[in-house]
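Numbering (the numbering used here), first residue to last: 82 to 345. For reference, the structure discussed in these notes is given below.
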């Protein structure tokens with residue numbers, strides 16, 4: 082999966098926005114095919130490698146003792162996984178091209194194609210082989226019928242949600258845009274725009290500006306770090322004069338030592 086995604090991103094000029102990946106299957110048929118097979122395997126498509134691990138994880142967690150919040154997040158993540166899988170499949174396979182040029186998008190890298198082609202067999206058959214290897218006898222987890230069907234129902238919910246995101250067009254004059262306009266008008270009536278932007282940020286930013294001018298770049302800077310820096314610089318430069326091999330300094334110290342010797 083990561084090799085396919087990296088190859089596509091590299092060919093698209095390091096763009097990672099999937100809206101630029103329209104109709105990649107026309108220029109990169111093998112890479113996009115491998116990519117969507119891996120994506121469906123990660124989604125948990127039955128009898129692929131991701132299905133065996135995900136199905137076991139789902140059933141083990143479903144048989145545990147957790148609160149309602151954990152179960153809601155847990156099952157909702159299943160549907161959303163299928164949803165963005167279908168959305169990604171749409172943008173890479175069926176969407177219109179939104180990229181500047183197709184001149185650099187190709188499947189000419191033989192090393193990548195060979196590597197992805199060898200690993201795709203593990204994506205398809207690796208899950209079953211590893212399951213038969215680690216579990217010589219079939220495992221069985223007893224769950225109620227509703228818990229067994231919950232995963233299938235949420236997968237179907239994710240498919241429907243993905244199709245909705247597939248078909249929706251935010252540039253049309255749809256009910257969504259109309260509702261957005263009503264929301265803007267309603268928020269302007271109750272002054273929500275002022276309360277959520279200027280009313281919240283103005284006084285905090287003003288106080289920050291006063292602190293910056295009077296403290297951080299004023300007395301605090303002069304009497305604090307900047308003043309200590311100047312003192313350290315002055316005393317360091319004064320002490321450095323004793324180590325510059327100055328003949329006057331040597332004669333002065335010699336005279337001082339003689340005076341101390343005579344006085345002693």
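The C-beta atom is built at its ideal place from N, Cα and C for all residues, glycine as well. Nothing here was measured: the structure is a model prediction, and the numbers come from that model.
>> So for residue 217, helix, strand or coil by DSSP?
In response: coil
> How about residue 169 and residue 99: are their beta carbons less than 9 Å apart?
Replying inline: yes
>> Under 8 Å, with one C-beta from each stretch per pair, do the region 217-228 and the region 132-147 reach the 3-pair mark?
In response: yes
> Counting Cβ pairs closer than 8 Å, one from the region 151-166 and one from the region 238-247, do we hit at least three?
Replying inline: yes
> Quick one, are the C-beta atoms of residue 108 and residue 114 less than 9 Å apart?
Replying inline: no
> Where does residue 251 fall in DSSP's three states?
Replying inline: Residue placement at residue 251 cannot be trusted, given a pLDDT of 46 that sits under 50; the coordinates are not used to answer.
>> Residues in the same chain with beta-carbon distance under 8 Å from residue 120, minus the five sequence neighbours each way, listed in chain order, please.
In response: 82, 166, 169 and 170
> Can you tell which of 342, 111, 334 and 286 has its C-alpha closest to the C-alpha of residue 192?
Replying inline: 111
> When you compare each of 285, 341, 342 and 130 to residue 207 by their alpha carbons, which one comes out closest?
Replying inline: 130
> Once you ignore the five residues that flank residue 133 on each side, which residues in its own chain have a CB closer than 8 Å to its CB?
Replying inline: 208, 209, 211 and 212
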